[in-house]
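S.K.: Please read through the structure below; I'll follow up with questions.
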Amino acid sequence: MTTPSYDVIIVGAGSMGMSAGYYLSRSGCKTLLIDAFDPPHTEGSHHGDSRLMRHVYSGGPDYIAMALLAQKLWHELEETTGDQLFVPSGVINVVDPEIHSFHNRLSHADDAGIRYETLHAAEVMKRWPGITIPEHYEGMYEPDAGYLYSEPCIRAFRKAAETHGATLLTHTLVEHIEYGPHSVAVQTSGGETYHANQIILSAGAWFQTLKPFVDLPIQAVRKTVGWFDAPQALYGEAHFPGFTLAGKEGTYYGFPSIGGSGLKMGRHDTGQVWTPGSTMAPFGTEETDEGDLRRLLELHMPQAAGELKRGSVCKYEFTSDEDFIIDRHPAHERVWLAGGFSGHGFKFASAIGQILSDLVQTGHTDQDISRFALSRFR
1 MTTPSYDVII
11 VGAGSMGMSA
21 GYYLSRSGCK
31 TLLIDAFDPP
41 HTEGSHHGDS
51 RLMRHVYSGG
61 PDYIAMALLA
71 QKLWHELEET
81 TGDQLFVPSG
91 VINVVDPEIH
101 SFHNRLSHAD
111 DAGIRYETLH
121 AAEVMKRWPG
131 ITIPEHYEGM
141 YEPDAGYLYS
151 EPCIRAFRKA
161 AETHGATLLT
171 HTLVEHIEYG
181 PHSVAVQTSG
191 GETYHANQII
201 LSAGAWFQTL
211 KPFVDLPIQA
221 VRKTVGWFDA
231 PQALYGEAHF
241 PGFTLAGKEG
251 TYYGFPSIGG
261 SGLKMGRHDT
271 GQVWTPGSTM
281 APFGTEETDE
291 GDLRRLLELH
301 MPQAAGELKR
311 GSVCKYEFTS
321 DEDFIIDRHP
331 AHERVWLAGG
341 FSGHGFKFAS
351 AIGQILSDLV
361 QTGHTDQDIS
371 RFALSRFR
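In this text, residue positions in the sequence shown follow the numbering used here: the first is 1, and each later residue adds one.
This is how it looks when you write it as structure tokens:
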């Protein structure tokens with residue numbers, strides 16, 4: 001059965017796809033989103049309650065500009081939907097300067113006019129008594145940063161996109177994509193074939209299921225996060241910011257205990273390779289699932305190393321350089337690719353959705369996305 005055609009089809013309605021669906025439908029494009037599940041869901045990279053929203057970014061001025069645009073667009077989405085999506089908790093970033101440095105990112109932050117404070121270890125521990133770090137460690141606090149409620153963000157984009165006429169097919173697999181002279185055809189597990197002038201492929205950790213039509217240098221990885229019982233007086237959202245901590249133990253991130261849910265922590269580096277179609281081992285299968293997190297807490301936030309209240313697994317989709325892929329398909333000019341968000345993409349989802357909308361409608365964007373070109377891997 002052949003169905004009516006669309007201006008654009010989006011394959012993968014997660015963080016980036018759902019955002020793009022909103023901005024495209026709001027612009028008047030007839031938009032179809034297709035997802036294998038029912039977003040928001042637990043099979044991708046957007047569940048787990050919260051995501052950090054930072055601006056003083058180590059990736060350089062193009063990342064910083066995108067972060068500032070994303071922050072503006074998140075606020076606009078809040079105004080559109082009436083939902084609180086962002087909490088300005090501030091974010092404290094802590095590093096071992098023998099391994100990591102704030103230097104480059106601070107100069108770029110100065111150029112962008114972003115507020116921040118640099119702190120010695122003693123100042124960090126005085127302001128947040130729940131943190132214990134060696135005296136040579138350094139801190140950088142972003143007062144205007146905070147965290148996003150990740151699932152509500154997806155729901156907000158979904159509701160807004162559907163309000164503007166977007167169609168969402170849930171629990172639907174894409175089985176074949178065919179590029180023709182006048183349209184792109186997408187065949188689904190329901191037996192239907194949908195046509196569009198352009199398509200966006202934003203399948204996240206599931207990109208491998210789209211081979212051979214597209215074969216991106218993306219590796220999906222199993223990641224874990226845990227919520228630990230912690231005293232609200234020290235670690236509750238009224239007293240404690242979001243945080244990152246990078247040292248010889250690895251690179252970690254986390255959130256205050258929101259409503260008594262427990263201090264949430266995850267590890268950015270490491271992880272087990274995962275292939276679409278294989279079983280995702282539940283939290284606790286590996287000793288390191290809880291062990292890595294607990295060891296870090298015992299070292300640097302000992303009063304938060306309480307009982308594990310909850311553990312969760314999710315998926316990262318890494319590129320080798322941990323930069324994104326936002327580009328045309330190398331062989332098909334009406335196919336756009338968005339992937340490889342490498343565990344740090346969610347904060348940018350609003351901006352990336354608008355960027356993809358601009359690319360579909362005009363072929364260009366005002367944002368500098370040259371570093372995200374697929375050609376860097378050739």
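Cβ coordinates follow ideal geometry from the N, Cα and C atoms, glycine included.
1) With distances taken Cα to Cα, identify the nearest neighbour of residue 416 among 210, 278, 240, 375.
2) Given this structure, state the Cα-to-Cα distance separating residue 61 from residue 71, to the nearest angstrom.
3) In the stretch 291-367, which residue ranges form an unbroken alpha helix (DSSP H) of at least 4 residues, counting only runs that do not cross its ends?
4) Flag this pair as yes or no: are the beta carbons of residue 311 and residue 284 separated by less than 8 Å?
5) Run the proximity test for residue 138: is its beta-carbon closer than 7 Å to any non-hydrogen atom belonging to the ligand FAD?
6) Going by C-alpha to C-alpha distance, which of 16, 194, 138, 296 sits closest to residue 120?
7) For the stretch 189-202 and the stretch 101-116, state whether three or more C-beta atom pairs, one from each stretch, are separated by less than 8 Å.
8) Let me check understanding here. Comparing Cα to Cα, which of 251, 56, 25 lies closest to residue 161?
9) Check whether the Cβ atoms of residue 255 and residue 309 lie closer than 8 Å to each other.
10) With residue 147 as the anchor, note down where its beta strand (DSSP E) starts and where it stops.
11) Give, in chain order, every unbroken run of the beta strand (DSSP E) that is at least 3 residues long and sits entirely within the stretch 24-76.
12) Roughly how many whole angstroms lie between the Cα atoms of residue 253 and residue 347?
13) Mind reading off the beta-carbon distance from residue 217 to residue 320? Whole number of angstroms is fine, and I expect it under 8 Å.
14) Quick check on DSSP: helix, strand or coil for residue 379?
15) Which stretch, first to last residue, makes up the alpha helix (DSSP H) that contains residue 459?
16) Nearest-angstrom Cα distance between residue 133 and residue 292?
17) Cβ atoms of residue 34 and residue 169: under 8 Å apart, would you say?
18) Mind reading off the beta-carbon distance from residue 280 to residue 225? Whole number of angstroms is fine, and I expect it under 8 Å.
19) Between which two residues does the alpha helix (DSSP H) carrying residue 223 extend?
20) Rank 128, 101, 91 by C-alpha distance to the C-alpha of residue 115 and give the top, closest one.
21) In three-state terms, what does DSSP make of residue 264?
22) Assign residue 287 to one of three DSSP states: helix, strand, or coil.
23) Go ahead and label residue 242 buried or exposed: buried means 16 or more other beta carbons lie within 10 angstroms of its beta carbon, across all protein chains shown.
24) Taking just the CA atoms, how far does residue 95 sit from residue 328?
25) Could you tell me whether the stretch 198-207 touches the stretch 50-67, using the rule of 3 or more Cβ pairs below 8 Å?
26) What do you reckon, are the CB atoms on residue 274 and residue 220 nearer than 8 Å?
27) One question on the structure: do residue 374 and residue 365 come within less than 8 Å of each other, judged by their Cβ atoms?
28) If residue 19 and residue 46 are in contact, beta carbons under 8 Å, what's the gap, nearest whole angstrom?
29) Is the separation between the beta-carbon of residue 73 and that of residue 354 shorter than 8 Å?
30) With distance defined between alpha-carbon atoms, name the residue in 10, 153, 6, 183 nearest to residue 85.
31) Can you give me the start and stop residues for the alpha helix (DSSP H) that residue 210 sits inside?
32) Looking only at its own chain, which residues have a Cβ that is under 7 Å from the Cβ of residue 248, when we skip the five neighbours before and after it?
33) Which value, in whole angstroms, describes the spacing of the CA atoms of residue 104 and residue 82?
34) Cβ of residue 41 within 8 Å of Cβ of residue 144?
35) Residue range of the alpha helix (DSSP H) that residue 389 falls in?
M.R.: Here's the rundown:
1) The chain is shown from 1 up to 378; residue 416 falls before or after that span and cannot be answered.
2) 15 Å
3) 349-362
4) yes
5) This structure simply doesn't include the ligand FAD, nor any ligand for that matter.
6) 138
7) no
8) 25
9) no
10) 146-149
11) 31-34, 50-53
12) 14 Å
13) 6 Å
14) Not covered by the structure: residue 379. The range shown for the chain is 1 to 378.
15) As displayed, the chain neither begins before 1 nor continues past 378, which places residue 459 out of reach and without an answer.
16) 17 Å
17) yes
18) So it is not a contact: roughly 14 Å between Cβ atoms.
19) First-last for residue 223: 219-228, but that is the beta strand (DSSP E), not the alpha helix (DSSP H).
20) 91
21) strand
22) helix
23) buried
24) 37 Å
25) no
26) yes
27) no
28) Between residue 46 and residue 19 the Cβ distance is about 11 Å, and since that is not below 8 Å, they are no contact.
29) yes
30) 153
31) First-last for residue 210: undefined, no H or E at that position.
32) 96, 99
33) 37 Å
34) no
35) Outside the displayed span of the chain (1 to 378) sits residue 389, for which this structure offers no information.
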